[in-house]
Structure formats: structure tokens, C-alpha cells
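Heads up: the structure comes next, in C-alpha cells.
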Amino acid sequence: GIKDKYRQGIFDPVTSGGKIYGMPTQYSVTCLVFYNSNLWKSVGYEQFPDKWDDVLAASKKFKAKGTPATIALGNKDKWPFESTILSCLGDRFTGTDWTRSIIARDGKSKFTDDGFVKALQFSQKLAKSGLFNADYNAITDEQASTLYCQGKAAAVIDGFWDVSYINANASDEVKKATKLALLPAVEGGKGDTKATSGGAGWFIAENSSLEGEKKKAAEKFIMAMTGEEYSKNLTAKYGLIGPVNVGKTDTSKFSNVTQDYVNLINGGVTLTPIYDIQMDSTVIDVMNTGLQDLLNGSVQPADLAKQIQDAQDKAGAK
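FYI, in the working numbering the residues of the sequence shown are 3 to 320.
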């Protein structure tokens, strides 16, 4: 059917009781690794590692070379680590069924479950290892991207918006060296290693009271704004990704960063939900504030998991 042409997971935010209540007009991904391939080659890696042990080993080499940060992070505004890293890293540990259960608030999954606690433990381990710039809780997401653009960080993990930011702000040297990758796998995780956090943030719906010619016109308009031709144009004209997977598209007129982004996403990436788009906002507030404390070591993973679960319990069933 028509739905099969659309990217996997894109209808999740507008699906309830097995029914779809909107058509997606765009496609967003919040967790992509942008890395400086020249810097990684200089410490012995032809591409961004697909194992975290290698990332941490490389980090020691970057430190020895005096590179200010292996991965630039700006978590001052509290949402970046959760939205651009944990939404995907958490899924690597828990798998997507767990996340969907949390979003549905059906009581089957809890933040105190082993998988999520392990994701928090791992997050704290990354911060303690010195992987990030020392001031990660004091600078913004954009400032972290600037560090990368200036060649002061070997990588930055951020959303699709960094494609245009790097295109506009990186030095030519950094821009030419920039490649994209997905977050590495974790040992013993339940998640799909080809998944990243993403989906659509905007949808169009048809007024259910429309009939006859008006109903037909509305449906035609919706398909024109969300369908295959629309998605082809988004990529061919603007280097953006549309809601329909249109396969290979000529992107040769765009920068290497844009081309790499399009090729990566069209290479079979699956989607897992973005935490702060779909989980209860009171739960996310507790999570985001707690993650700052977790990363700097002032709260322990199991304790933070309990705090987040307490907020989930207060939110109650949907």
C-alpha cells in the first residue's frame, strides 16, 4: 500500500489504536555523527569506529595530540544530550519496543529496567572518560558545532540541522574532511545498529467532515505535499530528505557533507523515536535536568532512573 513507500517509523507520532491520523511533510533525524576524517586518519582510523571501545581508544590518542575534544558536546540547554545522543544510545541498549511502551505509558516498560539503567551508566562512563570538551554542560549545542567547525573537535553528534550549519560555518578544510556515520553499537544491546532517532515533526491531516470533490481535492493536496514527487524534489532541489524513500537521487550539485547525509539516510537507516518529541514532557524535564547531573557525576545512574520513573508514574496512563 501507500504506507509502505514511506520511511519506516515515520507515522509513529500520529498512530493511535492502529489508525494513522496524519501524513508527514518532512523527515528529521536527531542523532548523526559528523566526523573529521582527516583527524581520525591521523590517529589510525579510516572511518568513524563502529565500536565504542575504539572511540575511547582514539580519544586517548587525540588527548595526547592536544585535540581539545574528541566529540564536541554542548548541553547547557539540557535537551541536547537527551535528544541527540540518548534517544539513539538508549535504543541501542533497550530496543525500540521498550521505547514505544514508555511512550504509550502502558506500564510494561519502566525507566528502572536494566537496559535503560545500562544506557545511563554508559553515558556517565563516556563523560568520565574525557571524550567530550570539559565545558560540555556550560556551552550550547551551537557552540559545540562551532568547536567542530573550527577543527577543535574530531567529531560532533547532532541532528540533521548540523548539515546546513557545517556547510555555512566550517572552514573549507573541515568541510571537505567531514563525513557522517551512525552511533556505534553497544555490547549485548537489544537495539538495531542501523537505527537512529528520528521521525517527522509536522503532519497534514484531512478534515473528516469533507465529502465528494472537496475530499478528493484535499487528498490530492496532501499527496502533493507528502508523496513521492515531493520527496524527490526535496532531495534534488534542496538536498533534504523527504518522508518517502525515493532511492538514488543525483545530489552532485551539493556539498560533500550534504551528499554524505543523503547517502547515509537512503542506505537503509531505520528510525527509533526521539525521546523529547514523544515522551511525556514532565518526564523529559526530569530526564534532561538529571542528565546534566549524571554526566558530571553528581547523581548515580540507578538513582536517576528511579527519579525519571517516578515522573512517569505521576504522569499516569495515557
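Glycine included, C-beta positions come from ideal geometry on N, C-alpha and C. Since the model is a prediction, treat every value here as computed from it, not as a measurement.
Here the alpha carbon of T274 sits roughly 15 Å from the alpha carbon of G117. Counting along the chain, no alpha helix (DSSP H) covers G201; the unbroken beta strand (DSSP E) around it starts and ends at 197-201. In the structure shown, M281 adopts coil according to DSSP, grouped into three states. Pairing Q261 with L212, the inter-Cα distance amounts to about 41 Å. In the structure shown, A307 adopts helical secondary structure according to DSSP, grouped into three states. Three or more beta-carbon pairs separated by less than 8 Å link the segment 33-47 to the segment 169-184, which places the two stretches in contact. The C-alpha of Q145 lies about 26 Å from the C-alpha of Q28. Straight through space, the alpha carbons of P186 and F95 are spaced by roughly 11 Å. Considered as a whole, the segment 71-104 harbours 89-96 as its complete alpha helix (DSSP H) runs of no fewer than 4 residues, in chain order. Following the DSSP letters along the chain, one finds L128 inside the alpha helix (DSSP H) bounded by residues 116-130.
For the set W100, F256, Q302, the Cα lying nearest the Cα of K239 is the one of F256. Per DSSP, the unbroken beta strand (DSSP E) holding T180 starts and ends at 180-183. The three-state secondary structure of L133, taken from DSSP, is coil.
According to the DSSP assignment, V35 belongs to the beta strand (DSSP E) that extends over 34-38. For the pair I310 and F124, the CB atoms are not nearer than the 7 Å cut-off.
The beta-bridge partner set that DSSP reports for F205 consists of P26. Counting only residues of its own chain and dropping the five nearest sequence neighbours on each side, K130 has a CB closer than 8 Å to the CB of G299. In the three-state DSSP reduction, A140 falls in the coil class, being neither helix nor strand. Sixteen is the threshold: since fewer than 16 other Cβ atoms of the shown chains lie within 10 Å of the Cβ of W204, the residue is exposed. Here L34 has L182 as same chain residues with Cβ atoms under 6 Å from its own Cβ, once five neighbours each way along the sequence are excluded.
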